[in-house]
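Chains as they are written, first to last, in the UniProt record's numbering: chain V, 1 to 61; chain U, 1 to 61; chain S, 1 to 61; chain Z, 1 to 61; chain R, 1 to 61; chain F, 1 to 61.
6 protein chains.
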Amino acid sequence: MPYVSIRVAGKLTKEQKQKIAKGVTDVISEAAGKPKESILLFIDEESRDSIAKGGVLIEDM
Amino acid sequence: MPYVSIRVAGKLTKEQKQKIAKGVTDVISEAAGKPKESILLFIDEESRDSIAKGGVLIEDM
Amino acid sequence: MPYVSIRVAGKLTKEQKQKIAKGVTDVISEAAGKPKESILLFIDEESRDSIAKGGVLIEDM
Amino acid sequence: MPYVSIRVAGKLTKEQKQKIAKGVTDVISEAAGKPKESILLFIDEESRDSIAKGGVLIEDM
Amino acid sequence: MPYVSIRVAGKLTKEQKQKIAKGVTDVISEAAGKPKESILLFIDEESRDSIAKGGVLIEDM
Amino acid sequence: MPYVSIRVAGKLTKEQKQKIAKGVTDVISEAAGKPKESILLFIDEESRDSIAKGGVLIEDM
Numbered sequence: 001m002p003y004v005s006i007r008v009a010g011k012l013t014k015e016q017k018q019k020i021a022k023g024v025t026d027v028i029s030e031a032a033g034k035p036k037e038s039i040l041l042f043i044d045e046e047s048r049d050s051i052a053k054g055g056v057l058i059e060d061m
Numbered sequence: 001m002p003y004v005s006i007r008v009a010g011k012l013t014k015e016q017k018q019k020i021a022k023g024v025t026d027v028i029s030e031a032a033g034k035p036k037e038s039i040l041l042f043i044d045e046e047s048r049d050s051i052a053k054g055g056v057l058i059e060d061m
Numbered sequence: 001m002p003y004v005s006i007r008v009a010g011k012l013t014k015e016q017k018q019k020i021a022k023g024v025t026d027v028i029s030e031a032a033g034k035p036k037e038s039i040l041l042f043i044d045e046e047s048r049d050s051i052a053k054g055g056v057l058i059e060d061m
Numbered sequence: 001m002p003y004v005s006i007r008v009a010g011k012l013t014k015e016q017k018q019k020i021a022k023g024v025t026d027v028i029s030e031a032a033g034k035p036k037e038s039i040l041l042f043i044d045e046e047s048r049d050s051i052a053k054g055g056v057l058i059e060d061m
Numbered sequence: 001m002p003y004v005s006i007r008v009a010g011k012l013t014k015e016q017k018q019k020i021a022k023g024v025t026d027v028i029s030e031a032a033g034k035p036k037e038s039i040l041l042f043i044d045e046e047s048r049d050s051i052a053k054g055g056v057l058i059e060d061m
Numbered sequence: 001m002p003y004v005s006i007r008v009a010g011k012l013t014k015e016q017k018q019k020i021a022k023g024v025t026d027v028i029s030e031a032a033g034k035p036k037e038s039i040l041l042f043i044d045e046e047s048r049d050s051i052a053k054g055g056v057l058i059e060d061m
């Protein structure tokens, strides 16, 4: 019952989310030997003023 | 100081959140012997195009 | 497909984990109207020198 | 490559987020001896009807 | 600066972790158009008595 | 009731954790105007073969 959480800056299209969900599930299923249907995956689209790298908000870079 | 994070697909009413907050806190407090007031709980309502099971977005099922 | 993550300070017995898993799943299933078998739950037992409240490690309180 | 996730109730101004991002990154970099540019930080502003303390939603306190 | 957290039941070999890290990073980089070197990924190997499905610990299934 | 989760590669000494707990709590309390005693903080020390950057495990860099 693997759980996957993905956080990205900015919005994704539905097609991008579909590709990520399918591709990541396939990779984990194959590499770890877990059935695909047991894998639960969440994608969070975060705003650029709420993520920082090196102490600086992405929006300010 | 237990921390609880709950992620569900779709929206909940305030009454549903109240029941979850009270019920889950009671269960953990009793089972683990932790004071109720020390338990911090977050509920995240996620959109159905951002959760996948078996590599397929819930919205597409 | 709800996901639940619970973090507690110190160790729990298996019986405590069983009670938490069953009780929390029952509460969320009933309050949110989600099938029990769709609920995935993780319990993390954290060491007391890795959790702080008010800036002080629990081990030092 | 430290990862920091901060969840707060209610909204923050951009200035508050800038101070948190810079300050927290500085503290972790100095205390743990990690380069600042390797530190990734997320801030989540949660609504008051989705956080509970002691089994009661913050909005109802 | 995507962040990925993967939680699985039981232990993985180093080779399995290498495949997951490479494969998941490739998928997200391609689908979301993010540079590979910006993707930070954590794998957590959880014990079977700390994960539950449908209210039952995996170890007891 | 802010919640802070910090994940770092490798082990920290207790003194490092004390500095991080105190310093991060102070920063968030001051910047966000939250009482210090309401801030809950977790530090996770992760092994270097379970974190990847750019698809490569830190241990292999």
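Think of the CB as a built atom: it goes at the ideal place given N, C-alpha and C, for glycine as much as any other residue.
Only a predicted model underlies this, so the values are computations on that prediction, with no experimental measurement involved.
Residues near residue i by beta carbon distance below 6 Å, same chain, minus five either side
i       : result
V/ASP44 : ARG7
U/SER5  : PHE42
U/LYS36 : THR25 and SER29
U/LYS51 : First, the residue type needs correcting, since residue 51 of chain U is Ile and not Lys in the sequence shown. The answer, listed in chain order, is ALA9 and ILE58.
Alpha-carbon to alpha-carbon, residue j and residue i
i                      : j       : result
S/ASP49                : U/GLU59 : 42 Å
residue 137 of chain V : Z/ILE20 : Residue coverage of chain V in this structure runs from 1 to 61, which leaves residue 137 of chain V outside it and unanswerable.
S/ALA32                : Z/GLY55 : 16 Å
U/MET61                : F/GLN18 : 48 Å
V/ALA9                 : R/SER38 : 11 Å
R/THR13                : S/LYS53 : 36 Å
V/LEU40                : S/LEU40 : 9 Å
F/GLN16                : Z/GLU15 : 28 Å
R/SER47                : Z/LYS22 : 36 Å
Contact with chain F by residue i, beta-carbon distance below 8 Å
i      : result
S/ILE6 : no
CB contact below 8 Å: residue i versus chain S
i       : result
F/ILE43 : yes
U/MET61 : no
R/ASP49 : yes
Unbroken alpha helix (DSSP H) run spanning residue i, endpoints
i       : result
F/ASP49 : No alpha helix (DSSP H) contains F/ASP49, which DSSP labels as neither H nor E.
Minimum Cβ-Cβ distance from residue i to chain V less than 8 Å
i       : result
R/GLY55 : no
Z/LYS17 : yes
Z/ALA32 : no
Range of the contiguous beta strand (DSSP E) that encloses residue i
i       : result
F/SER29 : Segment 14-32 is the alpha helix (DSSP H) holding F/SER29; no beta strand (DSSP E) there.
Z/SER5  : 3-9
Residue-chain proximity (residue i, chain U), Cβ-Cβ < 8 Å
i       : result
F/GLN40 : With the sequence shown as reference, residue 40 of chain F is identified as Leu, and Gln is not the correct amino acid for it. Yes, its Cβ sits closer than 8 Å to a Cβ of chain U.
Close Cβ partners of residue i (< 7 Å) along its chain, the five nearest in sequence each way excluded
i       : result
U/LYS34 : PRO2 and ILE28
Sequence-distant residues of its chain with Cβ nearer than 8 Å to residue i (five each side left out)
i       : result
S/MET11 : First, the residue type needs correcting, since residue 11 of chain S is Lys and not Met in the sequence shown. Result list for S/LYS11: GLU45, in chain order.
Chain Z contact for residue i (CB, 8 Å cutoff)
i       : result
U/GLU37 : yes
Residue-level contact to chain R via CB, residue i, 8 Å cutoff
i       : result
F/ALA21 : no
S/LYS11 : no
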